[in-house]
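A.B. asks: When we follow my numbering, the leftmost residue of the sequence shown carries the number 6, and every step to the right adds one. There's a structure below that I have some questions on.
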Amino acid sequence: MTRLKLETRNAWECLRVAPAGARHLRRSGVADQERAGFTGDFYFMRMFLRRERRAPGAGCGCAHRAFTLLELLMVVGIIGILAALSVGGLASAKRKSRVTICQNNLKQISLALKLFVSDTDERFPLAIWRPGTPGDPKISFDDELYPYLGVPLTEAEREADRIPIAKRLDTLKCPADTIPPFMPTTNTWRRTYSMSEARMAMGPDPLRNAQNGGIGVYYSVGWGPLPIPVQPTFLKENAVDHPTETLALVERPNHLNLAGNDHWSVTRRTGEQLAGFRSPADAQPYHDGRFVYAFCDGRVEPLPPSATWGRTGSSTNWAGAWTLRGDD
């Protein structure tokens, strides 16, 4: 018993615990020291055993308990609200990214157009569809710009009915254009962007005739066998009075690699992202009610269709940015 008491006292001193009985040792005699020591040893053993019987976490006041049903439902509800908010934010970010990609595409095409004009004595691209000529050549504006977009075409590829699949450019396709890019019925690839048309070579048309200040900057030669009739077949850049206000490139899909009349070619009718579009009033833009337009000065901007009609124009009588004057 004496040895047990001695070992217990040594352990107590190592832990530096000073209960009331142990503090009394400094004031008592030898007999009192043994009684006080026994009291201290007993206190120490009792506290040690009590600590061993406590439940985990009981000493820190953090005992575990289960979730109630109400708490669980609240957590699930909060998670649902956060998920709904994040989905809406992701959808908005996706729409904005599509507009950005579309603008970047038109920026690249605008730059290619500027380089082409610079290399051709300030002339805009020429479009041809000559069904009476052997080989039935068809050339559209993007055929002329392909070399400036990093993909040169051979003469046969330029005049073919369709661009080779291996040379299809994603730059010519708006990501918001949901119509499938490949047309299995014609075995061709669609493009979204077009140029505004200046006139046809089949006869004067005040709505398209560049000399009359008509609509567009793109000159279409039209039908008939080669050689091309003697007449101004190119529209020069200096014919555009207000390049900052006149459209050059617009969103209007065309799956055929040809130019001709306003039902086939890249014309003043634009913005078509759904089949059957023929006027801004019928347009259903994917860019939050806007189309992306490229102007003759190289500026690219998303605008509602009504912003391009001009002061004297309307949904059925286009003017403003659709004319060479650009400011009516």
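Don't be surprised by glycine CBs; every beta carbon is placed ideally from N, CA and C. It should be emphasised that the depicted structure is a prediction, and the values quoted were computed from it without experimental measurement.
Evaluate the contact criterion for the segment 246 to 258 versus the segment 69 to 82: three or more CB pairs, one atom per stretch, below 8 Å.
C.D. replies: Because the criterion of three Cβ pairs below 8 Å is not met, the segment 246 to 258 and the segment 69 to 82 do not touch.
A.B. asks: Under a three-way DSSP split, which group does SER115 fall into?
C.D. replies: Position 110 of the sequence shown, counting from 1, holds the residue named residue 115. Helix, per DSSP.
A.B. asks: What does the Cβ neighbour count give for GLY325, buried or exposed, with the cut at 16 atoms within 10 Å?
C.D. replies: Walking along the sequence shown from the start, residue 325 turns up at place 320. Buried, by the Cβ-count rule.
A.B. asks: CB-CB under 7 Å to ARG295, same chain, minus the five flanking residues each way: which ones, in chain order?
C.D. replies: Start at 1 with the first residue of the sequence shown, and residue 295 comes out as number 290. Correct list, in chain order: PRO307, LEU308 and PRO309.
A.B. asks: Determine, using beta-carbon pairs with one atom in the segment 152 to 159 and one in the segment 115 to 126, whether at least three such pairs fall under 8 Å.
C.D. replies: A contact exists between the segment 152 to 159 and the segment 115 to 126.
A.B. asks: Give me the residue from ALA244, TRP314 and GLU250 with the minimum Cα distance to VAL122.
C.D. replies: Sequence index remark: in the sequence shown, residue 122 carries index 117 (1-based). It is ALA244.
A.B. asks: In its own chain, which residues sit with a C-beta less than 6 Å from the C-beta of PRO248, not counting the 5 before and 5 after it?
C.D. replies: For the purposes of this step, residue 248 is identified with residue 243 of the sequence shown, where counting begins at 1. Taken in chain order, the residues that qualify are CYS301 and ASP302.
A.B. asks: Going by DSSP in three states, SER311 sits in which element: helix, strand or coil?
C.D. replies: Locating residue 311 in the sequence shown gives position 306, where the first residue counts as 1. Here SER311 sits in helix by DSSP.
A.B. asks: Please say whether THR176 and GLN113 have beta carbons closer to each other than 9 Å?
C.D. replies: Counted from its first residue, the sequence shown places residue 113 at position 108. Counted from its first residue, the sequence shown places residue 176 at position 171. It is a contact, given that the beta carbons lie within the stated cut-off.
A.B. asks: With distances taken between CB atoms, is the gap from SER199 to PHE146 smaller than 9 Å?
C.D. replies: For the purposes of this step, residue 199 is identified with residue 194 of the sequence shown, where counting begins at 1. For the purposes of this step, residue 146 is identified with residue 141 of the sequence shown, where counting begins at 1. Closer than 9 Å, so yes.
A.B. asks: Among ARG316, LEU240, GLY315 and THR317, which has the Cα closest to the Cα of LEU131?
C.D. replies: On the sequence shown, position 126 is the one that residue 131 refers to. For LEU131, the nearest C-alpha among the options comes from LEU240.
A.B. asks: Compute the Euclidean distance between the alpha carbons of SER311 and TYR298, then round it to the nearest angstrom.
C.D. replies: Along the sequence shown, one-based indexing puts residue 311 at 306. Along the sequence shown, one-based indexing puts residue 298 at 293. In a straight line, the C-alpha of SER311 is about 12 Å away from that of TYR298.
A.B. asks: Assuming ARG163 and LYS178 are in contact, meaning their beta carbons sit under 8 Å apart, how far apart are those beta carbons, in whole angstroms?
C.D. replies: If you number the sequence shown from 1, residue 163 lands on position 158. If you number the sequence shown from 1, residue 178 lands on position 173. With 8 Å as the limit, ARG163 and LYS178 do not qualify as a contact, their Cβ atoms being about 20 Å apart.
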